[in-house]
Amino acid sequence: MYTCGPTIYDYAHIGNFRTFIFEDILRRYLKFKGYSVTQVMNLTDVDDRTVKASRKEGIKLREYTERYAKAFFEDLDALNIERAEYYPRATEHIKEMTALVKKLIDNGYAYETAGSTYYDISKFTGYGKLSGVAASQQGIRVTADEYGKDEARDFALWKTWDEDDGEVFWETEVGKGRPGWHLECSAMSMKYLGETFDIHAGGVDLIFPHHENEIAQSEAATGKPFVKYWLHAEHLIVEGRKMSKSLGNFYTLRDLIQKGYDPTAIRYLLISAHYRDQLNFTFKGLDQASNTATRLNEFHTRLQEAQNSTTHNPTITTLTHKLLKNFDEAMDQDLNTPAALAALFEAVRDINKELDTGKYSRQDIQQATDTLNKVNTVLGILKPQAKPTTLEQEILQLIHAREDARKRKDWTTADKIRTQLQQKGIILEDTPQGVKWRIKR
Ligand SMILES: [Zn+2]
């Protein structure tokens with residue numbers, strides 16, 4: 330699976346993260362279904378924007394992009410996004426890119442003009458097959474990395490050096506200059522995944538021209554189908570309007586964390602709409618998402634702290650099976666996360682009711698916990714809990730043993746265990762909710 334990554338010229342915004350989280354859900358669900366996944370996500374560290382921004386600041390391109398690469402990985406961790414297997418950088422694949430340009434020239438799909446090399450879209454009969462944009466503007470060139478849908482044009486594969494590039498250039502067999510943005514994804518995806526691979530994903534804004542150009546580059550070079558399945562995440566809008574810096578409704582993940590929001594709630598909100606529907610991000614919605622995520626985490630804690638009664642509750646078994654079935658069905662429908670979340674919260678409500686009755690066994694609790702954890706391997710919205718230390722595990726085992734002794738009315742053993750724990754500095758308290766323990770201060 331190839332997923333177009335960030336251009337590391339600035340912090341990624343929540344619209345970017347909507348796409349990256351959708352891809353994370355896709356990756357996790359494929360694994361949930363038993364597939365093995367090799368994911369590649371590129372880091373664009375040379376293009377019009379990175380060159381311009383680093384020059385403006387007067388520092389080396391690598392130094393500039395490194396700052397945002399580091400921030401990007403911190404953001405991925407905060408949002409509980411699993412790491413891809415490869416994060417290739419454009420600047421480290423110049424050789425692969427120039428080889429691809431040469432091949433396109435040799436195959437008659439590219440031409441050189443004034444030191445730059447352009448892709449001739451009129452030569453590729455399949456041009457427009459992904460986006461539906463017709464290749465009508467023959468012979469008109471565009472040098473910029475990004476351009477609009479009404480401009481299906483010959484695009485730059487290799488840009489000859491000019492003064493604006495400063496120190497950013499490579500001396501190669503296709504001339505002195507730098508790669509066009511679209512080139513890296515063809516070169517790097519084929520390097521790591523082969524000439525034909527299964528899944529390519531990204532945001533809808535990448536369909537044209539970026540993905541259309543990737544297909545044109547790859548298929549003209551190899552003569553083989555490039556990608557089997559394309560998946561695109563819809564736009565995120567903010568409070569009903571397009572997110573933009575000028576409207577003052579532009580948010581990075583860091584902006585939201587600074588406002589006091591928990592990344593778990595942000596992740597929850599970003600998966601609460603289907604990936605092919607537009608998502609309207611609002612602060613009211615984020616507040617609701619915070620409450621919902623908290624409720625789920627409280628349920629998780631309740632399961633962990635549940636004291637065992639001995640009566641098996643078959644309803645809990647039924648409810649966990651129902652959750653897994655509904656979750657599976659929802660996600661099988663093109664990753665229907667809203668339906669999957671609805672199934673989860675229905676189960677939380679119903680299992681909570683069963684816990685209220687006080688009738689359940691240790692196995693029931695284990696089964697509910699396992700099911701919740703299983704669903705969470707895909708959703709990733711439970712806060713990571715600190716693993717119990719060896720000491721904690723030992724204490725809990727002793728507490729269980731004491732409980733069992735008390736149930737057998739074996740008071741001698743129960744007292745012996747209490748003393749044993751006291752010697753470790755552990756105080757037991759019998760409360761109406763069961764036995765609690767604390768460390769003696
Ligand atoms: Zn790409």
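Per this note's numbering, residue 330 is the first one in the sequence shown, and the count goes up by one each step. The beta carbon of each residue, even a glycine, is placed where N, CA and C say it ideally should be. Remember, it's a predicted structure, so these values are computed and weren't measured experimentally.
So, under 8 Å CB-CB, W487 and G509 are touching, yes? Tell me the CB distance rounded to an integer number of Å. With a beta-carbon spacing of about 7 Å, W487 and G509 fall inside the 8 Å limit used to define contacts.
To the nearest angstrom, report how far apart K651 and G569 are at their CA atoms. Their backbone Cα atoms lie some 36 Å apart in a straight line.
Can you tell me whether DSSP reads Y604 as helix, strand or coil? Shown here, Y604 sits in coil according to DSSP, grouped into three states, outside any helix or strand.
Alpha helix (DSSP H) runs wholly inside the segment 609-675, at least 4 long, in chain order: Entirely contained in the segment 609-675, the alpha helix (DSSP H) runs reaching 4 residues are, in chain order, 612-634, 643-661.
Residue from A485, T472, A463 with nearest C-alpha to D479: Minimum Cα distance to D479 is reached at A463.
Top-ranked residue by Cα proximity to F351, from T581, H564, K574, D699: Of the candidates T581, H564, K574, D699, the one whose C-alpha sits nearest the C-alpha of F351 is H564.
Could you check which residue in K745, I680, R631, L512 has the C-alpha nearest to that of G763? Of the candidates K745, I680, R631, L512, the residue whose Cα lies closest to the Cα of G763 is R631.
Jot down the residue ranges of each uninterrupted alpha helix (DSSP H) in the segment 355-438, minimum 4 residues, whole runs only, in chain order. Those alpha helix (DSSP H) runs which fall completely within the segment 355-438 and span 4+ residues are 377-386, 390-407, 423-435.
Using beta-carbon positions only, say whether I528 and L459 come within less than 8 Å of one another. Going by C-beta atoms, I528 is not nearer than 8 Å to L459.
For the structure I just gave you, are there three or more beta carbon pairs, one from the segment 390-400 and one from the segment 337-346, closer than 8 Å? Yes, they touch.
Please write down, chain order preserved, every residue whose beta carbon lies under 5 Å from a heavy atom of ligand 1. Spelled out in chain order, the answer is C333, C514.
Tell whether a beta-carbon distance below 8 Å holds between T420 and V375. Closer than 8 Å, so yes.
From the DSSP secondary-structure annotation, give me the bridge partner or partners of A530. A530 pairs with T332, L560.
Fully enclosed by the segment 463-539, which alpha helix (DSSP H) runs are 4 residues long or longer? Within the segment 463-539, the runs of alpha helix (DSSP H) at least 4 residues long that lie entirely inside it are, in chain order, 510-522.
Contact check, S601 vs T639, beta carbons under 8 Å: Pairing S601 with T639 gives a Cβ-Cβ distance that is not under 8 Å.
Thinking C-beta only, is K431 closer than 8 Å to V533? No. Outside cutoff.
Check each candidate in L711, D591, V704 and name the one with the smallest Cα separation from N655. Among L711, D591, V704, the Cα nearest to that of N655 belongs to V704.
Give me the Cα-Cα distance between N681 and T649, rounded to the nearest whole angstrom. If you take the alpha carbons of N681 and T649, they lie about 12 Å apart.
Is R737 helix, strand or coil when you go by DSSP? In the structure shown, R737 sits in coil (DSSP, three-state: anything other than H, G, I, E or B).
By the three-class DSSP mapping on this structure, what secondary structure does L459 have? Judged by DSSP in its simplified three-state form, L459 adopts coil rather than helix or strand.
Just list the residues that DSSP pairs E758 with in beta bridges. E758 is bridged to K765.
May I ask you to list the residues that DSSP assigns as paired with V567? Per DSSP, the beta bridge partners of V567 are R570, F610.
DSSP state of R700 mapped onto helix, strand, coil: The displayed chain sequence assigns Thr, not Arg, to residue 700. Here T700 sits in helix by DSSP.
Quick one, are the C-beta atoms of Y604 and V369 less than 8 Å apart? In this structure, Y604 keeps its C-beta atom at 8 Å or more from the C-beta atom of V369.
Q587 versus N702: straight-line alpha-carbon distance, rounded: Their backbone Cα atoms lie some 29 Å apart in a straight line.
Spatial neighbours of T373 within its chain, please: CB distance less than 6 Å, with the 5 preceding and 5 following residues excluded, ordered by chain position. Only T336, A419 meet the Cβ criterion.
Member of H342, Y393, M330, R735 whose CA lies at the smallest distance from the CA of K571: The shortest C-alpha separation from K571 is found at H342.
Can you give me the start and stop residues for the alpha helix (DSSP H) that S547 sits inside? Looking at the DSSP string, the run of the alpha helix (DSSP H) that includes S547 is 541-551.
At what residues does the beta strand (DSSP E) containing Y448 begin and finish? Taken as a continuous stretch (DSSP letters only), the beta strand (DSSP E) holding Y448 covers 445-448.
Do three or more CB pairs link the segment 614-629 to the segment 664-682 at distances below 8 Å? By the Cβ criterion, the segment 614-629 is in contact with the segment 664-682, since at least three pairs of Cβ atoms, one from each stretch, lie closer than 8 Å.
Given L725 as reference, the closest of E513, T647, Q749 once Cα atoms are compared: Considering only E513, T647, Q749, the residue with the shortest C-alpha distance to L725 is Q749.
Contact set for E411: own chain, Cβ-Cβ below 7 Å, skip 5 residues either direction: These residues qualify, in order along the chain: D353, R356, R357.
Residue range of the alpha helix (DSSP H) that D584 falls in? Unbroken alpha helix (DSSP H) run through D584: 582-587.
Going by the CB atoms, is the gap between A413 and S445 shorter than 8 Å? Not a contact, by the Cβ cut-off of 8 Å.
Should P713 go down as buried or exposed, given a rule of 16 or more other Cβ atoms within 10 Å for buried? Label assigned to P713: exposed.
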